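Right, one structure below, let's go through it.
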C-alpha cells in the first residue's frame, strides 16, 4: 500500500500555487451546473452588478461551467445568472479588506424553469439523447414508451446498444462490457443482469448512459465500454415516489417496481426495487450434427421445454452532509431469483451402417441464487477550492448461483449410461479499497487514485450416478471437484483534462497488476499466474457553433475471465454436448479507435465510426470427439480479431405531434484462431437496426410503433440467424404527470420465432434451433407522487469495479 501511496503523490506532481493579486484588488470566480444532472453548463450569462443595481460587467461561462471577474474594488456586489430554460438566480456578496483577494463561490446550481409554468400547455418534447465527451445518455423519462416497457426493451432504442433474439445485450455488437447502477457496480448486474432488466420497469429509471471510451479512472476491463443505468434520484427536501404495476402474457407474468426518494435537511435516501413472476409455456427445439472422417456420423435431437421463475431486487443509497466540505454516502443492494423447469429430449445417432445410439431423456431442473453488495464513501473538500476533492471508499460485493438437474433415461438403444444427477454451486466475493484525489488548476484538472481488489471465485460441483445394485445415487469422484480462484488486482491511475474555448482534451494512463491463484481442492493441483498492464486513454472533443461536436478517442482495454468462464464444472445435461469453463484462461487486450459526430438542434444526430483490434481473444471453442460422439465446448485464449463498425442514431420531430427515431449499427468482423491444433477463420457482416415513430393525440393519448431488425452474431466457429420484430403501444395520461396507463403488443404477427445457432469445426457441422414465444401483450399502470425542492448531494468519486467481463453472464 505504501508503494501505491507514493505513486499517487508522484502522479500529482508539484502543486502550483495561484499568484497573489495586488492588495485592494479582488477577483471572484465560480462554476455553474444543472441542479438535477449536476452537469457543468457552458454559455450561461453571468452579470455583475453594483450595490445600486448598475451593470458593471458581464460574461458567459466556459465549457467547464467556470466564470470569473477580476480587478474589482472593495464594495457590495450582486451576481445575476440568466439562462434559457432555467430560473434566474441572484447572489449577494461583499468584498472588503477582510476578504481574501480571490473569492470562490464554488459550484452554483441553477434549476430548470419548468415548474414556473402555470396554465400553459407544453407541446414540445424533452431532448431524449445527450452527447458528452466520453458518453451518450438516453433520457428514458423523455420517452413515453418507458411507461409500458421494461428496461431491456428500451435498450433497443439507446445508441450503440442492441438486444438479440435471446435478450442478450450487445454494446457496439460486443458482449464484453460492464453494467453499473448509478455509476457503481451492482451484484444484480453481475449475477443476473438479463433477468433483472427484463423485470425492471423502465419508468423507474431516469436514463441509460453508454460510456464509449472510459477514462483512466475506470478499471481497464470492459472491451466495448460501460453501460450505466441511472435510477430516479431527483432527491429534494420532501419526498417523491413512483410505483409501476404490469402484466405480460402469454409468456411472462405479473410484476411491480418503483422508486422512492426522501430528503430532510442534510440527510437523504434514495431507493428502488421490484419483483416479478414469469412463466414460459412449452416450446420446441431441434438439434442436428454431421461429422466427417473415417468414423462419420449424424445426430438428430428433438426436445420440448417449459419453465417458471421468480425474481426480486432492491437497492438504496444514503447521503449525509456532515458539513460544507464533508460528505458521507453509502449504498446497499440485494437481489435473488429462483426457477424451475422441465424438458424432454429424444436423440438418435446414426453411423455408416445404421443406428449407433438412441435414448429419451427427461430433465427436471431448478436453480437460482442471491447477490448483495454494500459500500461506504467519505468525500472531503478543501476550503480554498471546493472542487478539490479527496475520497476514501470501501465496498464488499458477492453473489452465489446454484444449478441442480436430475436426468432420467428411457427408450435406450446402445446407451448404457445410468440415470444421473449433477449439482453446481458457484459464486464470487470481493473487497475493494480505493483512494481518489481531484486537483483542479486554472485550465487543467488532475485526477489520481490507487485501488486494490481482492476477489475470490469458488465452485463446488458434484456428479452422482445411479447404482442399480444399491438402488441409490452415488458420487462419481472423477467428475466431482471443488475449485477456488483468487484474484488480487492492484491499480493506480493518473488523468489530465485540459479545456479551451472550443476544445477539450482528456488523457491518462492506468497501471494494473493482477495476481491469480487457482486451486483444485479435491485433486490437489494448482495454477499461479501474474500479469502487468499499462493502459493509456486519450479523448479529444471539438465543439462547433451550430450545437454540434466531434469526439476522437483511443483506449486500450483488457478483459479478465469471470467465474462463468473459469469454472471447470462440466454440464452434462445433454449427453452428446458437454460444456465447461477453463481455469487456465488469462486476460485479453483490445485497442480501440473511435471517431464520433453529434448534433442537437431541432432534432439530434449521432454518428460513430470505430476500429478495434483484439489479442488473446477469449472465445467459445467447440471440439468434436469421434470416439465418444460428444461435442465439448469451453473457452480459450485462442486468437485475434478485427472489428470495423459504424453506429447511427437519429431522433427528429417531423411535426409538433409526430416524432421519428432510428438507431442502427453495422460492423464487419474477422476472427481467427486455433481449435484443437487447427487454424480456423470466420468473418462476416453484423448489423442491427431499429426505428420508431410516436404520435401525440389530444387529451394525453399517445401512439407508438417500432420495428427492429437484428442480423447475425459471429463467433470463431459459428453464427446466429437474423430476425425482424415489431411492437405497438398506446399511452394515456389519466392524471397529468401523476397517473398513466399503457398497453402494448409485441410481435403481433408471429406467435413464435426460431433462434438458430450454427457451429462448425474441421470435422463437424451442427445446428441448434430453439423455438421461443415471440407474440406477447402487456399492460402497465404507473403512478407518481410527492414534492421535492432541493437536490441531495452524492459523492463525485466511488468504487467502480469494471475489471471482469460481463459477457458470460449474458449467455
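Residue numbers (the numbering used here): -9 to 801. No residue lacks a Cβ here, since even glycine has one placed at the ideal position from N, Cα and C. Just so you know, these numbers come straight off a predicted model, no measurement behind them.
Given residue 630 as reference, the closest of 168, 645, 741, 705 once Cα atoms are compared: Ranked by how close their Cα comes to the Cα of residue 630, the residues 168, 645, 741, 705 have 705 in first place.
Which of helix, strand or coil DSSP assigns to residue 15: In this structure, DSSP gives residue 15 a state outside helix and strand, which the three-state scheme calls coil.
Neighbourhood of residue 446 by C-beta distance below 6 Å, restricted to the same chain and skipping five residues each side: Here the set comprises 419, 476.
Close beta carbons around residue 146, own chain, < 8 Å, minus the five adjacent residues each side: If we look at residue 146 and ignore the five residues flanking it on each side, its Cβ neighbours are 152, 153, 653, 680, 696, 698.
Three-state class that DSSP yields for residue 508 in the structure shown: In the structure shown, residue 508 sits in a strand (DSSP, three-state: E or B).
Residue 43 - DSSP class collapsed to helix/strand/coil: The answer is coil: DSSP assigns residue 43 none of H, G, I, E or B.
Residue 753 and residue 283 closer than 7 Å at C-beta: Closer than 7 Å, so yes.
Whole-angstrom distance between residue 506 and residue 554, CA atom to CA atom: Spanning the alpha carbons of residue 554 and residue 506 requires a straight line of approximately 16 Å.
Other residues of its chain near residue 449: CB distance less than 6 Å, five sequence neighbours each side excluded: So the qualifying residues of the chain are 416, 473, 557, 559.
In DSSP terms, what residue 622 is bridged to: Residue 622 has 568, 613 as its beta-bridge partners, per DSSP.
Proximal residues to residue 354 (C-beta, below 6 Å), its chain only, five neighbours per side dropped: For residue 354, where only same-chain residues beyond five positions count, the Cβ hits under 6 Å are 332, 396.
For residue 345, the first and last residue of its enclosing beta strand (DSSP E): Taken as a continuous stretch (DSSP letters only), the beta strand (DSSP E) holding residue 345 covers 344 to 372.
Residue 162 and residue 214 closer than 7 Å at C-beta: Closer than 7 Å, so yes.
Classification of residue 601 by the beta-carbon crowding that lies within 10 angstroms, buried from 16 upward: With fewer than 16 other Cβ atoms within 10 Å, it is exposed.
Cβ-Cβ distance between residue 171 and residue 219 below 7 Å: Remark: C-beta atoms of residue 171 and residue 219 approach each other more closely than 7 Å.
Limits of the unbroken alpha helix (DSSP H) element including residue 51: From DSSP, residue 51 is part of no alpha helix (DSSP H); its letter is neither H nor E.
Close-in-space but distant-in-sequence residues of the same chain around residue 359 (CB under 8 Å, 5 per side omitted): Short of 8 Å from the beta carbon of residue 359, and not among the five residues preceding or following it, lie these beta carbons of its own chain, in chain order: 181, 182, 326, 327, 389, 390, 391, 392, 417.
Nearest to residue 377 (by Cα), restricted to the options 436, 410, 421: Measuring from the Cα of residue 377, the nearest candidate turns out to be 436.
Alpha carbon of residue 803 to alpha carbon of residue 120, nearest angstrom: No answer is possible for residue 803: the residues shown for the chain start at -9 and end at 801.
DSSP three-state assignment for residue 177, whether helix, strand or coil: Three-state DSSP puts residue 177 in a helix.
Residue of 678, 646, 612 minimising C-alpha distance to residue 636: Taking the Cα of residue 636 as reference, the smallest distance to any Cα among 678, 646, 612 is reached at 678.
Closest by C-alpha distance to residue 737, when choosing among 714, 208, 362: Cα-wise, what sits closest to residue 737 is 714.
Bounding residues of the beta strand (DSSP E) (the contiguous stretch that carries residue 763): Segment 754 to 763, the beta strand (DSSP E) holding residue 763.
Cβ separation of residue 735 and residue 718, assumed to be a contact under 8 Å, to the nearest whole Å: With a Cβ gap of about 5 Å, residue 735 and residue 718 count as contacting.
Inter-residue spacing [alpha-carbon to alpha-carbon] between residue 563 and residue 195: Going from the Cα of residue 563 to the Cα of residue 195 covers about 38 Å.
Burial state of residue 160 (16 or more Cβ within 10 Å): By the neighbour-count rule (16 or more Cβ atoms within 10 Å), residue 160 is buried.
DSSP bridge partner residues for residue 503 (one or two, in chain order): Answer is 480, 522.
Among 297, 122, 281, nearest to residue 290 - alpha-carbon criterion: Measuring from the Cα of residue 290, the nearest candidate turns out to be 281.
Residue 198 vs residue 233 beta-carbon contact at 7 Å: Not closer than 7 Å, so no.
Nearest to residue 675 (by Cα), restricted to the options 709, 669, 643: For the residues 709, 669, 643, the minimum Cα distance to residue 675 belongs to 709.
Residue 409 beta carbon less than 7 Å from that of residue 422: In this structure, residue 422 lies away from residue 409, with their beta-carbon atoms at least 7 Å apart.
Exposed unless 16 or more other CB atoms sit within 10 angstroms - verdict on residue 188: A buried status is given to residue 188, since no fewer than 16 other beta-carbon atoms sit within 10 Å of its beta-carbon.
Delimiting residues of the beta strand (DSSP E) encompassing residue 713: Residues 713 to 725.
Nearest residue (CA-CA) to residue 184, options 191, 177, 142: With distances taken between Cα atoms, residue 184 lies closest to 142.
Residue interval of the alpha helix (DSSP H) (run including residue 555): Element bounds for residue 555: 553 to 556.
Under 7 Å between C-beta atoms of residue 299 and residue 268: Cβ distance < 7 Å, so residue 299 and residue 268 count as in contact.
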